[in-house]
Amino acid sequence: MKILIKGARVIDPANNTDDVRDILIDGAKILKVEKTIAAQADNIIDAKGKIVMPGIVDMHAHLREPGREDKETIASATTAALRGGVTSILAMPNTSPCIDSAESIELLKNIIRKTAQMNVFMCGAITKNRLGKELSDITGLEKFGAVAISDDGASVDSDEIMKEAMQHAKKKNILVLCHCEDKSLSADGVVNFGFTSTRLGLKGISRESEYKRAQRDIRLAEETGARLHITHVSCAETIEFIRQAKKSGIKVTADVTPHHMCLDEEAVLEYDPNFKMNPPLRGKEDLAAIKQALKDGTIDAIATDHAPHTENEKEIEFDRAEFGVIGFETILSVAITELVATGVLSWPELVKKLSYNPAVILKVNKGALAPGHDADITVVSPDKEWQVTKEGFASISKNSAFLEKKLKGVVEYTIVSGKIAYQRG
Amino acid sequence: MNTRKTIVWTKKDLLGLEYLSRQEIELILSTAESFKEVTTRQIKKVPALRGKTVVNLFYEPSTRTRVSFEVAAKRLSADVINISTETSSVKKGETLVDTGKNIEALKVDTIIMRHNCSGAAAMLARHVSASVINAGDGWHEHPTQALLDMFTLKEKLGRIEGLKVSIAGDIAHSRVARSNIWGLIKLGAEVTVCAPKILIPPGIEKMGVKVTNNIDEALAGADAVNVLRMQFERDQSNAFPKQLEYFKTFGVTRERLKKAKKDIVVMHPGPINRGIEMSSEVADGANSVILEQVTNGIAVRMAVLFLVAQANERLKNENTD
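Sequence order for the protein chains is A and B.
Per this note's numbering, the first sequence runs over residues 99 to 523.
Per this note's numbering, the second sequence runs over residues 19 to 339.
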């Protein structure tokens with residue numbers, strides 16, 4: 099099976115390509131990327147005026163299966179992700195059972211093999227049941243394919259356990275992904291601590307709770323030599339610690355979510371739980387710092403933190419509602435609308451954050467369009483507009499922070515391992 | 019100030035004073051003046067809301083606010099239903115939105131809600147077409163309390179503009195404080211909040227208030243002081259010594275009032291903790307307007323019930339045109 103994509107603007111930061119090119123796919127791999135390819139193909143995609151990029155590698159997502167199939171399944175999540183131009187996902191371990199052992203990761207792997215419509219990479223838990231008390235079977239997790247470990251929303255409090263985990267990760271050469279939050283400082287907060295929490299009469303989550311934990315994790319990464327990735331960075335101080343750490347050669351990378359890079363705490367003022375996330379939306383100065391960090395490379399990647407929740411758990415009283423929003427189907431359009439159309443990032447810079455960098459950080463053979471690479475490709479109409487609606491989502495859950503928003507950029511095709519996995523209807 | 023007369027109330031709900039303009043607040047206060055006159059008549063009832071149904075939906079125990087709303091609604095000839103969540107399907111796990119929609123299915127016109135979660139009234143208002151009046155949501159707002167406080171102040175001192183008003187007590191956890199601050203600032207008062215440091219919420223100065231941790235400073239030169247209830251019942255641990263300590267440092271006493279303006283107006287939203295935030299002599303003294311506040315609460319709530327019902331009817335007529 100051969101696919102020929104003709105006449106697109108091909109953006110491939112791995113090879114410094116940003117030019118009109120043809121791409122020939124043969125089987126699961128890219129065969130050629132050239133000015134003009136005149137080969138025969140089973141399927142020819144006329145992509146004039148479109149952008150072709152390596153498929154998005156989303157390094158932070160909650161697929162909810164096994165355990166909460168009422169919120170999302172691996173089948174529904176990957177269907178949704180395809181519509182958003184995503185071809186690889188890193189699945190967080192906070193499922194039921196928690197992915198903390200050889201048995202549980204094998205269970206997950208089986209579901210992925212049977213139902214996933216794209217590459218789903220697995221992230222194991224750092225500690226058993228993510229309780230922060232006892233290390234999980236990191237060796238077993240790695241053996242069955244975990245490319246990263248994380249306790250996700252339950253940041254490990256104990257320095258010793260975290261250090262030991264990093265030493266294991268270093269030995270196995272897997273990534274340590276950290277949601278930085280010192281719960282003794284964030285307590286039961288639900289919005290940014292400060293004027294916003296005061297105005298709304300809600301408990302606040304302080305910036306200290308994030309940046310103090312980030313500071314500790316950076317220190318442990320320095321001591322152990324492990325590769326640390328700080329996920330969903332939300333505040334200026336954290337960014338500054340990461341910037342300094344990078345300067346001094348510590349192996350630290352970072353991502354930001356689509357919502358944290360374009361919304362601030364004022365979005366919460368009407369108590370809509372679709373703006374309740376952890377970390378919370380922060381202040382205008384944090385938003386500015388995030389954009390600057392995307393520009394200067396302090397923030398390497400954009401990741402959804404796709405967090406599906408049923409209406410019963412989300413459309414309720416604000417302080418009782420679950421944290422988080424879905425993100426697969428809007429990540430690319432939000433990034434185009436908020437970063438490229440506004441001049442924060444160029445197209446090649448954006449593709450780096452969405453596809454190339456996350457693949458490099460996870461050490462997976464994705465994120466590039468060179469011959470021999472996996473044929474994971476997204477074809478997008480960059481200027482076409484669409485409106486986000488609940489009805490339009492393929493995710494089982496509809497808790498988006500971008501409902502009713504008009505966005506730029508429509509995914510036309512998503513190709514996974516050389517097969518057209520999604521084509522816009 | 020003729021412009022005031024041309025203002026028409028257009029909001030279906032009353033969720034908080036933060037969301038109102040000065041003109042809208044003044045409209046409620048002037049409407050309340052007319053209704054206060056009604057409450058002095060021999061027959062204290064007008065047919066303004068005849069045929070309308072008002073529901074009191076209380077997720078927190080409350081007697082004074084619920085009764086005040088009930089009396090207000092009855093004086094407007096509305097039918098009133100009280101739902102306390104202790105005895106309703108909420109106990110069986112029904113969500114707020116479902117409860118709201120079920121109440122609405124009974125063709126209810128206005129839902130008055132008290133809820134322990136900040137933002138609950140906003141959530142309900144988004145999901146029902148009935149009017150929603152916030153009777154207190156978490157630590158967020160209690161707009162009718164602040165309106166009756168302002169009504170009482172205006173009645174006593176003739177104006178709000180330029181007045182120095184201090185609010186003393188647990189500012190951090192007080193919806194009464196927040197509503198009063200938004201309302202008073204919009205009407206041109208100078209507001210000072212006074213509490214121990216730990217009870218001053220972060221960034222409160224951005225609401226336009228001054229902050230002090232010294233009650234004498236809060237009383238000095240003030241035209242009025244609104245003393246909030248200290249809710250020690252939330253925190254049972256060592257409550258008694260803490261209460262004494264609070265009274266010693268922050269309690270409003272006759273001695274402290276001697277250093278304040280002679281005719282300082284002393285308010286309290288009730289119920290009073292005598293001997294904690296305020297001494298009995300002050301509560302019952304010449305400066306206290308605490309019982310007048312209760313009386314004025316009826317007129318203010320009549321005004322709010324009347325205005326939102328009128329606006330909602332107009333909105334519904336527009337939609338069916």
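Note that the Cβ used here is the ideal one computed from N, Cα and C, for glycine as well.
Since we're looking at a predicted model, the values are computed, not measured.
Going by other Cβ atoms of all chains shown within 10 Å of its Cβ, with 16 needed for buried, is residue i buried or exposed?
i: V26 (chain B); result: exposed
i: P289 (chain B); result: exposed
i: Q215 (chain A); result: buried
i: P79 (chain B); result: exposed
i: G180 (chain B); result: exposed
i: L262 (chain B); result: exposed
i: G176 (chain B); result: exposed
i: I61 (chain B); result: exposed
i: N337 (chain B); result: exposed
i: R22 (chain B); result: In this prediction, R22 (chain B) has a pLDDT of 49, which is less than 50 and means its spatial position is unreliable; nothing more can be read from the coordinates.
i: N20 (chain B); result: Bear in mind that a pLDDT of 46 at N20 (chain B), under 50, signals an unreliable position, so the number given afterwards is only what the model happens to contain. Classification of N20 (chain B): exposed, given that the 10 Å Cβ count is below 16.
i: Q485 (chain A); result: exposed
i: G422 (chain A); result: buried
i: M99 (chain A); result: exposed
i: P65 (chain B); result: exposed
i: A136 (chain A); result: exposed
i: S147 (chain B); result: exposed
For residue i, go through chain B and note every residue whose CB falls closer than 8 Å to its CB, in chain order.
i: I414 (chain A); result: T113, L114, V115 and M141
Across which residues does DSSP place residue i in a beta bridge pair?
i: E483 (chain A); result: A:K506
i: N141 (chain A); result: A:I101
i: Y511 (chain A); result: A:V477 and A:Q521
i: S306 (chain B); result: B:V284
i: H133 (chain B); result: B:D155
i: C221 (chain A); result: A:A246
i: D472 (chain A); result: A:K127
i: G242 (chain B); result: In the sequence as presented, Gly is not what sits at residue 242 (chain B); that position holds Ala. Paired residue(s): B:V183 and B:V283.
i: A106 (chain A); result: A:R119
i: V350 (chain A); result: A:L326
i: H404 (chain A); result: A:A159
i: R292 (chain B); result: B:M296
i: L32 (chain B); result: B:I151
i: T128 (chain B); result: B:V72 and B:S149
i: L233 (chain A); result: A:T225
Using a cut-off of 7 Å between C-beta atoms, extract the partners of residue i located in chain B.
i: R418 (chain A); result: C135
i: N410 (chain A); result: T113
Which residues mark the beginning and the end of the beta strand (DSSP E) in which residue i is found?
i: E208 (chain B); result: E208 to C212
i: G2 (chain B); result: There is simply no residue 2 (chain B) to check, as chain B begins at 19 and stops at 339 in what is shown.
i: H145 (chain B); result: From DSSP, H145 (chain B) is part of no beta strand (DSSP E) but of the alpha helix (DSSP H) over A138 to H145.
i: E132 (chain A); result: K127 to E132
i: R84 (chain B); result: Counting along the chain, R84 (chain B) falls outside any beta strand (DSSP E), though it belongs to the alpha helix (DSSP H) covering R82 to R93.
i: V26 (chain B); result: First-last for V26 (chain B): undefined, no H or E at that position.
i: L124 (chain B); result: Element bounds for L124 (chain B): n/a, residue is neither H nor E.
i: N74 (chain B); result: T71 to F76
i: V184 (chain A); result: V184 to A189
i: K228 (chain B); result: K228 to T230
Cβ closer than 9 Å: which chain B residues qualify as neighbours of residue i?
i: E368 (chain A); result: G137, A140 and R144
Any heavy atom of the ligand GTP closer than 8 Å to the Cβ of residue i?
i: A433 (chain A); result: The ligand GTP is not part of the structure shown, which contains no ligands of any sort.
Name, please, each residue of chain A whose Cβ falls closer than 9 Å to the Cβ of residue i.
i: H158 (chain B); result: R297, L298, G299, L300 and Y369
i: R196 (chain B); result: T296, R297 and G299
In the DSSP assignment, find the alpha helix (DSSP H) that holds residue i and state where it starts and stops.
i: R272 (chain B); result: R272 to K276
i: G201 (chain B); result: R193 to K204
i: S102 (chain B); result: Careful: S102 (chain B) lies outside any alpha helix (DSSP H), inside the beta strand (DSSP E) at D97 to S102.
i: A492 (chain A); result: It is not in any alpha helix (DSSP H) - A492 (chain A) carries neither H nor E in the DSSP assignment.
i: M359 (chain A); result: Run containing M359 (chain A): none; DSSP gives neither H nor E here.
i: Q41 (chain B); result: R40 to T57
i: L175 (chain B); result: P161 to L175
i: Q342 (chain A); result: A334 to K345
i: N113 (chain A); result: Here N113 (chain A) belongs to no alpha helix (DSSP H), and DSSP marks it neither H nor E.
List, in order along the chain, the chain A residues whose C-beta lies closer than 7 Å to that of residue i?
i: G221 (chain B); result: G292, F293 and T296
i: R247 (chain B); result: Result: empty, since nearest Cβ-Cβ is about 16 Å, beyond 7 Å.
i: K224 (chain B); result: F293
Discussion item. Threshold first: 4 residues or longer. Then list the alpha helix (DSSP H) segments lying entirely within the stretch 241 to 323 of chain A, N to C.
Written reply: Counting only runs of 4 or more, we get 257 to 270, 281 to 284, 293 to 298 and 305 to 322.
Fill in: Within the stretch 370 to 399 of chain A, ranges of the alpha helix (DSSP H) (whole runs, at least 4 residues)
Whole alpha helix (DSSP H) segments, 4+ residues: 382 to 394.
Item to complete: Write down every uninterrupted run of the alpha helix (DSSP H) in the stretch 142 to 181 of chain A whose length is 4 residues or greater and which is fully enclosed by it, in chain order.
Response: Qualifying alpha helix (DSSP H) stretches, in chain order: 172 to 181.
Discussion item. As an exercise, report each continuous beta strand (DSSP E) stretch of at least 3 residues that is fully enclosed by the stretch 437 to 464 of chain A, in chain order.
Written reply: Runs found: none.
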